[in-house]
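Below is one structure, written out as structure tokens, with a few remarks after it.
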Amino acid sequence: MPIPSATVSRKLASIVSEKIGADIAARGLAEGELVGSEAELLAQYDVSRAVFREAVRLLEHQQSARMRRGPGGGLVVTTPDGESAFNAAMVYLLHGRADLDEVLEVRLVLEASAALLAAERMHAAGIAELNALVQRERKGLQADARDLHGLVARLSGNPALDFFVDLLTRMARVFTPDVAADDTVVRDATCGAHAKIVQSIVSGDGATAATRMERHLRAEADYIAAHLPSSLRLGSVFSAAPADQKLGEHVARAVFADVVASGWRVGASLGSEAELMAHYDVSRAILREAARLLEHHGIASMRRGPGGGLFVAAPAIDATSAAAAVYLDRRGVQARHLFELRSIVEMAVLERVIDRLDQPMIDRLRAVQDVERAASTDRFRVVGHDLHVVLGELSGNRVLALCTDVLVRLSRERGAVPADAPDAELPTTDVVHTHDRIVDAIVARDSEKARARMNRHLNALARWVR
Ligand SMILES: [Zn+2]
Ligand SMILES: [Zn+2]
15 MPIPSATVSR KLASIVSEKI GADIAARGLA EGELVGSEAE LLAQYDVSRA
65 VFREAVRLLE HQQSARMRRG PGGGLVVTTP DGESAFNAAM VYLLHGRADL
115 DEVLEVRLVL EASAALLAAE RMHAAGIAEL NALVQRERKG LQADARDLHG
165 LVARLSGNPA LDFFVDLLTR MARVFTPDVA ADDTVVRDAT CGAHAKIVQS
215 IVSGDGATAA TRMERHLRAE ADYIAAHLPS SLRLGSVFSA APADQKLGEH
265 VARAVFADVV ASGWRVGASL GSEAELMAHY DVSRAILREA ARLLEHHGIA
315 SMRRGPGGGL FVAAPAIDAT SAAAAVYLDR RGVQARHLFE LRSIVEMAVL
365 ERVIDRLDQP MIDRLRAVQD VERAASTDRF RVVGHDLHVV LGELSGNRVL
415 ALCTDVLVRL SRERGAVPAD APDAELPTTD VVHTHDRIVD AIVARDSEKA
465 RARMNRHLNA LARWVR
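Under the numbering used here, the residues of the sequence shown are numbered 15 to 480, in order.
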């Protein structure tokens with residue numbers, strides 16, 4: 015048997031890490047629980063120790079599991095803090111050159127919905143928390159104006175929505191300068207807007223809360239647009255590596271900044287191993303540690319041999335979806351949360367698609383329908399979700415497209431037959447028919463009908479997801 019090359023064993027490691035991740039989710043293991051000892055897992059996944067350890071490194075980097083040494087040790091489930099998903103999403107969006115406008119547009123949609131849901135689901139403890147925060151802001155004791163937004167998202171009662179609001183708030187931060195902190199006019203305006211938003215949330219007036227949140231974020235977006243920084247703050251990206259990888263992480267971040275600054279030209283050389291060791295003044299071991307992180311994120315990849323070195327790569331959306339899936343799984347996200355958020359996101363998608371609809375877009379939708387109609391039941395499990403993903407892309411907002419993709423993937427991965435289903439098969443012909451009716455309404459530019467049909471469709475689908 016030929017000895018597998020470094021690239022092949024890395025690919026294998028990432029497949030194994032995905033399998034382990036899926037098994038953790040399927041077994042419903044909670045934080046601190048043992049997945050298995052090294053010996054057990056080596057046998058179960060039938061891989062070499064080297065590949066297994068590489069897989070463990072990836073899981074540790076994702077913060078989804080870690081190796082516990084000593085007697086009774088083995089792979090133990092951990093809970094990611096969201097950094098990993100944030101890093102992956104950030105890398106993906108920077109590569110796709112999503113701009114601040116796109117981030118802010120989606121943030122507006124999600125936060126208006128969060129305010130609406132928070133008002134509808136308000137309870138005494140939430141009211142007390144909101145009022146206390148407004149009081150602290152008034153007295154200048156609340157250092158971070160973003161806390162209010164985090165609190166409203168949490169009070170929406172939907173952990174998936176909470177996660178995406180947090181993600182977009184952090185993303186906006188990468189693009190924006192820190193000038194607001196010492197600008198008293200801005201601070202007072204923010205304080206006043208927050209107080210009004212809170213007022214309508216605690217009084218249970220969701221519609222007004224949503225409108226006020228929207229107005230507030232629009233004002234903030236205008237302010238940000240007028241004060242754009244000259245460079246991105248990438249320091250907040252990549253901060254999740256374990257302590258023993260700090261130096262490698264530091265080098266990885268420097269390379270990442272170079273890749274972004276030079277326009278993300280996929281395939282471009284970043285230097286040979288020797289050149290990079292000299293440039294960053296690090297050992298071969300540290301450089302390879304950095305290369306591993308860069309490869310994990312799809313930022314760059316190392317080619318061995320003559321003419322080799324580090325080359326700019328293209329991140330895959332899978333890394334973002336996988337990281338988000340792990341995070342949401344551990345936080346107990348349920349189908350109803352997923353579909354409530356999908357409804358918010360996909361309504362925004364439909365509106366934008368109908369707004370900018372042209373013939374090439376219609377052709378693209380028709381092509382998706384053709385593939386669906388021709389698909390076997392097995393194949394449909396894969397292509398049956400494509401319409402949603404394609405609509406996300408056609409929205410023209412790359413952040414919205416990413417959100418859609420992550421949510422659709424999560425729904426697909428968690429596909430399950432409901433206990434009360436008449437038979438064990440997804441009603442494929444029903445889905446094809448429903449998709450047809452949604453596309454018909456889009457092509458007719460009938461936004462109301464398209465939204466109503468999509469909403470009904472998502473409600474029906476939620477039963478088939480656990
Ligand atoms: Zn605010
Ligand atoms: Zn569908």
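Using N, Cα and C, we set each Cβ at its ideal position, and we do this for glycine too.
It should be emphasised that the depicted structure is a prediction, and the values quoted were computed from it without experimental measurement.
7 Å Cβ shell around residue i - same chain, five flanking residues per side excluded
i	result
G171	L131, R135
P16	Because P16 carries a pLDDT of 43, less than 50, the predicted location of this residue cannot be relied on, and the following value inherits that uncertainty. Here the set comprises nothing.
A39	D343
H109	W278, A328, P329
T222	S214
R345	P173
V340	G35, Q76, S78, P94
A133	S214, I215, G218, D219, G220, A223
T204	A159
V453	L379, Q383
C417	V120, F178, V359
R370	G410
Residue j beta carbon less than 7 Å from that of residue i
i	j	result
D419	V396	no
T92	Q77	yes
A99	V148	no
V216	L144	yes
L414	V363	yes
R267	V326	no
V479	R428	yes
R80	V90	yes
A474	K463	no
R121	L182	yes
V445	G398	yes
S297	G323	no
S523	V367	Because the chain spans 15 through 480 in this model, residue 523 falls outside it and cannot be assessed.
I331	V273	no
D180	R168	no
L124	F178	yes
A457	I376	Here residue 457 turns out to be Val, not Ala, going by the sequence shown. It is a contact, given that the beta carbons lie within the stated cut-off.
V166	A126	no
L421	R356	yes
M235	L118	The identity of residue 235 in the sequence shown is Ala, whereas the question assumes Met. Against a cut-off of 7 Å, the Cβ pair of L118 and A235 comes out as a contact.
E54	A27	no
L242	A271	no
T391	T442	yes
V70	V30	no
Cβ neighbours of residue i in the same chain (closer than 6 Å, five flanking residues each side left out)
i	result
A102	A333, T334, A337
E32	none
F66	L56
A139	none
A255	Because the pLDDT of A255 is 49, which lies under 50, any placement of that residue in the model is unreliable, and the question is left without a value.
P374	none
Y59	V30
Opposing strand residues paired with residue i [DSSP bridges]
i	result
R459	None, per the DSSP bridge assignment.
A314	V326
S283	F325
M291	BP columns for M291 are empty, so no partner.
L89	G50, M81
G429	V479
Cβ-Cβ separation, residue j to residue i (assumed contact under 8 Å), whole Å
i	j	result
R378	E116	Their Cβ separation, rounded to whole angstroms, is 20 Å, which puts R378 and E116 out of contact at 8 Å.
I300	V265	6 Å
A476	F353	4 Å
G88	E52	6 Å
G262	A304	4 Å
E365	H449	Wrong, their Cβ atoms sit about 18 Å apart, outside the cutoff.
L72	H310	6 Å
V269	Y237	Wrong, their Cβ atoms sit about 33 Å apart, outside the cutoff.
Spatial neighbours of residue i in its chain, beta-carbon cut-off 8 Å, leaving aside the 5 residues before and after
i	result
M361	R465, M468, N469
A207	R226, R229, H230, A233
E45	V91, T92, T93, R344
I141	V216
Minimum Cβ-Cβ distance from residue i to chain D less than 7 Å
i	result
S283	Reference to chain D is not applicable here, since this structure consists of a single protein chain.
*Got a list of residues with beta-carbon closer than 6 Å to any non-hydrogen atom of ligand 1, in chain order?*
Contact residues of ligand 1 (beta-carbon closer than 6 Å to any heavy atom; chain order) are A159, L162, H163, T204, H208, H230.
_Quiz: which residues have CB nearer than 7 Å to ligand 2 non-hydrogen atoms_ = Output, sorted by chain position: G398, H399, L401, H402, V445, T448, H449, H471, L475.
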